[in-house]
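First the structure, in the form of structure tokens, and then the observations on it.
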Amino acid sequence: MISIQPFNTYLIMDNPKQYATEIIRFKTQSIVEKGLIVKNKKREEQFILFSEVHKIYILKHKVGWLLKAACIASFVGMLCFESVYFSDELAFLSSTLFFPAIIKLNLFKWYEMHLEHKGGIVYTKQFYLNTKQEHIQFLHRVRNRIFECQMNSISSFSNTYSEDEVIIDCSHFSLIA
123 MISIQPFNTY LIMDNPKQYA TEIIRFKTQS IVEKGLIVKN KKREEQFILF SEVHKIYILK
183 HKVGWLLKAA CIASFVGMLC FESVYFSDEL AFLSSTLFFP AIIKLNLFKW YEMHLEHKGG
243 IVYTKQFYLN TKQEHIQFLH RVRNRIFECQ MNSISSFSNT YSEDEVIIDC SHFSLIA
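Numbering (this note's numbering), first residue to last: 123 to 299.
Rendered as structure tokens:
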């Protein structure tokens, strides 16, 4: 007998911007009793039920290598220009201003919180290191509320049916060790 494996949804959602029907940026978020409220400057408040949230996670972004290479190339070009037209001491003294900028550029990173709706809408919020801990706590609270919502729906399902009426087919699940 041939068994057909279910479609792996993790392959789809690795790049949310590629498969999303709509991407909405939001500025503020809050948790209410049965869901989330996200607010954007241009749009009104949008209410999202916990049962409608597919995924919520945080991505870390760094400055790309192309921008770093462009900054280093401009630094070298400025150094060559100054060494031709100014004295060497003045050229190297003014070039020391570039070192803190290059270090800051190398260490600069920002974060993005993604909230994927089951309907294909992805809500994103960009934030920086100074508010990272607040957003991580928000993410944990949302995940706990989603888990509570799922447990309540499972317990209400098990209360409505007896053990003889419920047959669960787990043949399509696989265990990865």
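Here a beta-carbon is modelled for each residue, glycine too, at the ideal position from N, C-alpha and C.
For clarity, every value in this text was computed on a predicted model and none was experimentally measured.
Residue i burial status per 10 Å Cβ neighbour count (16 or more: buried)
i            : result
cysteine 292 : With a pLDDT of 47 at cysteine 292, under the threshold of 50, the modelled position of that residue is not reliable, and the figure given next carries that caveat. It counts as exposed.
valine 244   : buried
valine 198   : exposed
glycine 157  : buried
Cβ pair residue i, residue j closer than 9 angstroms
i              : j                 : result
arginine 147   : lysine 247        : yes
isoleucine 159 : phenylalanine 169 : yes
glutamate 204  : alanine 213       : yes
lysine 240     : lysine 182        : no
isoleucine 268 : glutamate 234     : no
valine 264     : leucine 227       : no
Bridge partners - residue i, DSSP secondary structure assignment
i             : result
threonine 246 : Arg147, His236
lysine 311    : Residue 311 lies beyond the residue range present for the chain, which begins at 123 and ends at 299; the question has no answer from this structure.
Residue-chain proximity (residue i, chain D), Cβ-Cβ < 9 angstroms
i           : result
alanine 195 : Of the chains in the structure shown, none is chain D; there is only one protein chain.
Heavy atom of the ligand GDP within 8 angstroms of residue i beta-carbon
i             : result
glutamine 272 : Summarising the ligand content, the structure contains no ligands, and the ligand GDP is consequently not present.
With three or more C-beta pairs closer than 8 angstroms as the rule, is the stretch 171–190 touching the stretch 208–223?
no
Report the start-end ranges of each alpha helix (DSSP H) in the stretch 144–209 that is 4 residues or longer and not cut off at the edges.
187–207
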